[in-house]
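**Student:** Residues in the sequence shown are numbered from 1 upward in steps of one, following the UniProt record's numbering.
From the three backbone atoms N, C-alpha and C, an ideal C-beta is built for every residue, glycine too.
Treat the numbers as computed from the prediction; the structure is a model and nothing was measured.
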Amino acid sequence: MGKTKQTMIRKTVITIVRLVIAAFFIFITYSFFDFSFISKQAIRVWNQPFLIFVITILYFFAFVLRARAWQLYLMGEKIPFKHFMIAILYSLFLNHILPVKAGDIARTGYLSLKGGISWGKSLESVVALRLVDLLILAFLTAVGAAAFSISISYSFFIILMVAGMLGLLGLSIAIPALKKKLVETIRHAGLILYSLRGIKLLILVFASWILEAFVLFNITFSLSLPLTFIESVWVNSFTIAGQVFHFAPGGIGTYESFMSFSLALMGLDAKQAYTVSLLTHGYKFLFSFGCGLFLAVFAPISIRSLMDWKRRKERFK
């Protein structure tokens with residue numbers, strides 16, 4: 001099978017999945033969007049400032065743990081922690097304002113620029129940490145599916161793994177120069193993960209996703225909804241894992257579809273599940289915009305740097 005045909009098949013499969021998700025999002029929005037109800041629920045949440053403060057602190061520390069895990073991966077480079085943290089926040093912000101996941105390019109470029117390492121080494125570390133994220137989210141999704149006896153999620157787990165493999169295959173097809181680098185990345189990541197440093201890294205990433213689940217848990221708690229923290233962890237993992245199919249800024253549509261569906265499986269009313277997905281995602285958008293404002297003031301990036309990173313990306317094609 002030629003590269004062009006493989007690329008077309010990959011794009012067709014991903015496009016079909018995205019269209020199905022988009023259609024589902026349109027359906028649930030048409031069926032359950034109630035501005036008055038959503039506004040009242042949002043006011044209930046925002047009238048609890050201490051709870052919002054707790055959510056913000058815990059969500060922020062989820063990124064702190066991911067930055068620390070990234071620093072562990074590149075421990076031999078002696079790069080200050082702040083550069084990892086700022087790079088991750090730039091990635092978060094850009095992923096919430098652009099329809100494609102351009103955040104990883106900024107993440108790669110910023111660390112290369114400020115950390116004094118090659119673009120290739122920075123990119124390798126970003127890819128490796130993304131693979132770790134995917135594996136942990138898939139693990140949490142599968143374990144949760146078994147614990148809650150949700151057979152449909154096994155199908156999702158398989159789809160997720162296939163999507164991940166298609167993504168890696170597509171990467172090597174679209175960017176031939178990265179084919180060898182991808183193999184080296186997986187090999188290098190494997191060597192690191194099978195070490196004491198790797199165990200620490202996995203624990204940090206695992207803990208970061210547990211912390212992120214507090215956003216959903218605290219919002220449902222503020223609305224007096226019957227969702228346990230363990231259920232929140234599963235719903236959050238299922239939802240974030242589904243972002244491999246994202247097609248809009250910040251995963252709009254994809255996020256709401258996966259979270260609404262999984263919350264309904266946990267027993268929430270469909271309308272309430274949809275509303276909670278909007279409130280949770282809305283909070284994450286506000287958080288990312290806050291990070292963007294902070295970065296613009298305290299760690300600005302020049303347009304020239306952004307264009308240079310884009311050109312570097314193009315050279316790999």
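(1) Buried or exposed: Tyr30, going by 16 or more other Cβ atoms within 10 Å of its Cβ?
(2) With a threshold of 8 Å on Cβ separation, who are the neighbours of Ala264 within its own chain once the five nearest residues in sequence on each side are excluded?
(3) If you reduce the DSSP assignment to three classes, tell me which class residue 320 lands in.
(4) Report yes if the C-beta of Val64 is less than 8 Å from at least one heavy atom of the ligand NAP; otherwise report no.
(5) Between the alpha carbons of Phe261 and Glu212, how many angstroms are there, rounded?
(6) Mark Tyr283 as exposed unless 16 or more other C-beta atoms lie within 10 angstroms of its C-beta, in which case mark it buried.
(7) Between which two residues does the alpha helix (DSSP H) containing Ala106 stretch?
(8) Just mark Trp46 as buried or exposed, buried being the case when its beta carbon has 16 or more other beta carbons within 10 Å.
(9) Rounded to whole angstroms, what's the CA-CA distance from Phe24 to Ser224? Just pull it up for me.
(10) Looking only at its chain, what residues have a beta carbon closer than 7 Å to the beta carbon of Cys291, apart from the 5 residues adjacent to it on each side?
(11) If I follow the unbroken alpha helix (DSSP H) through Asn236, where does it start and stop?
(12) Quick test of the definition: if touching needs 3 or more C-beta pairs under 8 Å, does the segment 293-308 touch the segment 70-80?
(13) Classify Ile219 as helix, strand or coil using the three-state DSSP reduction.
(14) Could you tell me how far apart the beta carbons of Ala299 and Ile86 are, in whole angstroms, since I believe they sit closer than 8 Å?
(15) Since Tyr288 contacts Glu256 with CB under 8 Å, what's their CB separation in whole angstroms?
(16) Might you give, ordered along the chain, the residues of its own chain that have their beta carbon closer than 6 Å to the beta carbon of Phe229, omitting 5 neighbours on each side?
(17) For a quick check, are the C-beta atoms of Ser208 and Arg66 less than 9 Å apart?
(18) Going by CA-CA distance only, name the one from Lys114, Ile117, Val132 and Thr108 that's closest to Leu123.
(19) Smallest Cα separation from Ser237: which of Val64, Leu111, Ala248 and Phe206?
(20) Report the rounded CA-to-CA distance for Pro49 versus Thr275, giving the unit in angstroms.
(21) If we call anything under 9 Å between Cβ atoms a contact, is Phe81 one with Arg68?
(22) Assuming contact is defined by CB atoms lying nearer than 9 Å, are Leu134 and Val235 in contact in what I supplied?
(23) Indicate whether Phe285 and Gly250 have their beta-carbon atoms separated by less than 9 Å.
(24) Evaluate Gly144 with the Cβ neighbour count: other Cβ atoms within 10 Å of its Cβ, from every protein chain shown; 16 or more gives buried, anything less gives exposed.
(25) Are the beta-carbon atoms belonging to Ser125 and Leu111 less than 9 Å from one another?
(26) Asp269 by DSSP, collapsed to three states: which one?
(27) Which whole-angstrom value is the C-beta distance of Thr239 and Phe258, which I expect to be below 8 Å?
(28) Look at Leu193 and Leu202 and say whether their C-beta atoms are less than 9 Å apart.
(29) Would you report the Cα separation of Ala147 and Pro226, rounded to the nearest angstrom?
(30) Can you tell which of Ser36, Gln71 and Ile16 has its C-alpha closest to the C-alpha of Gly198?
**Tutor:** A quick look at the data gives this:
(1) By the 10 Å Cβ count, Tyr30 comes out exposed.
(2) Only Ala270 and Ala273 meet the Cβ criterion.
(3) Examination of residue 320 is not possible in this model, given that the chain is present from 1 through 317 alone.
(4) The ligand NAP is absent from the structure shown, which contains no ligands of any kind.
(5) About 19 Å.
(6) Tyr283 is buried by the Cβ-count criterion.
(7) According to the DSSP assignment, Ala106 belongs to the alpha helix (DSSP H) that extends over Gly103 to Gly115.
(8) Label assigned to Trp46: exposed.
(9) So the alpha carbons of these two residues sit roughly 27 Å apart.
(10) Only Leu89, Leu92 and Phe93 meet the Cβ criterion.
(11) Asn236 -> alpha helix (DSSP H) spans Phe229 to Ala241.
(12) Not touching, per the Cβ criterion.
(13) Shown here, Ile219 sits in a helix according to DSSP, grouped into three states.
(14) Cβ-Cβ separation between Ala299 and Ile86: approximately 5 Å, consistent with a contact (criterion under 8 Å).
(15) Correcting the residue identity first, residue 288 is Ser in this sequence and not Tyr. With a contact defined as Cβ atoms closer than 8 Å, Ser288 and Glu256 miss out at about 16 Å.
(16) Answer for Phe229: Phe217, listed in chain order.
(17) The answer is yes: Cβ separation under 9 Å.
(18) If you compare the alpha carbons of Lys114, Ile117, Val132 and Thr108 with that of Leu123, the shortest gap goes to Thr108.
(19) Nearest to Ser237 by alpha-carbon distance, out of Val64, Leu111, Ala248 and Phe206, is Phe206.
(20) Distance between the alpha carbons of Pro49 and Thr275: 20 Å.
(21) Yes, Cβ-Cβ distance for Phe81 and Arg68 is below 9 Å.
(22) The criterion of a C-beta distance shorter than 9 Å is not satisfied by Leu134 and Val235.
(23) Against a cut-off of 9 Å, the Cβ pair of Gly250 and Phe285 comes out as a contact.
(24) With at least 16 other beta carbons inside 10 angstroms of its own, Gly144 counts as buried.
(25) Result yes, Cβ atoms of Ser125 and Leu111 sit closer than 9 Å.
(26) Three-state DSSP puts Asp269 in coil, outside helix and strand.
(27) Thr239 to Phe258, Cβ: 4 Å. Contact.
(28) Cβ distance < 9 Å, so Leu193 and Leu202 count as in contact.
(29) Spanning the two alpha carbons is a distance of roughly 17 Å.
(30) Answer by Cα proximity: Gln71.
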